[in-house]
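Under full-length UniProt numbering, the residues of the sequence shown are numbered 1 to 135, in order.
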Amino acid sequence: MAKYLLLKHYRGAPAAVNDVPMDQWTPEEVSAHVQYMRDFATRLEGSGEFVDGQALSPEGTFVRYDGEGRPPVTDGPFAETKDLIAGWMVIDVETYERALELAGELSAAPGAGGKPIHEWLEVRPFLTEPPTITE
1 MAKYLLLKHY
11 RGAPAAVNDV
21 PMDQWTPEEV
31 SAHVQYMRDF
41 ATRLEGSGEF
51 VDGQALSPEG
61 TFVRYDGEGR
71 PPVTDGPFAE
81 TKDLIAGWMV
91 IDVETYERAL
101 ELAGELSAAP
111 GAGGKPIHEW
121 LEVRPFLTEP
131 PTITE
């Protein structure tokens, strides 16, 4: 099994087919989208392929170390940036092809008008340790 991160972007990815920002959806459309995501996760829990997932707000702060005994340096929030992560899901699947299949299905979550978004999702494999050779 290999773990993959499925990233949903607010902005920065190619435009979705149903490209209406979520803040312009009706409460019913938001609820339908969230329910689709929950149902998708529940199905993957049943198959043993779901690890975790969360939605994220558009606000965030960058932080970096600034030396021993000094407070961290912060900058932000950056809600105006071109690339924001809207949410993520971690899956644990047998093959890369299965990860792509699931990302494609997740891309069909409903949006404005109840129609599938057809959004682009970023699929990123987890970095793994190379196999250890023992003699």
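Using N, Cα and C, we set each Cβ at its ideal position, and we do this for glycine too. Nothing here was measured: the structure is a model prediction, and the numbers come from that model.
Under DSSP, R64 forms a beta bridge with V73. DSSP lists W88 as the beta-bridge partner residues of Q54.
For the 8 angstroms CB-CB criterion, P21 and W120 do not form a contact. Under the criterion of beta carbons closer than 8 angstroms, V93 and A2 qualify as touching, at roughly 7 angstroms. Spatial neighbours of P72 in its own chain (CB-CB distance under 8 angstroms, excluding positions within 5 residues in sequence) are listed in chain order as V63, R64, Y65, D66.
Under the DSSP definition of a beta bridge, P125 partners with Y4.
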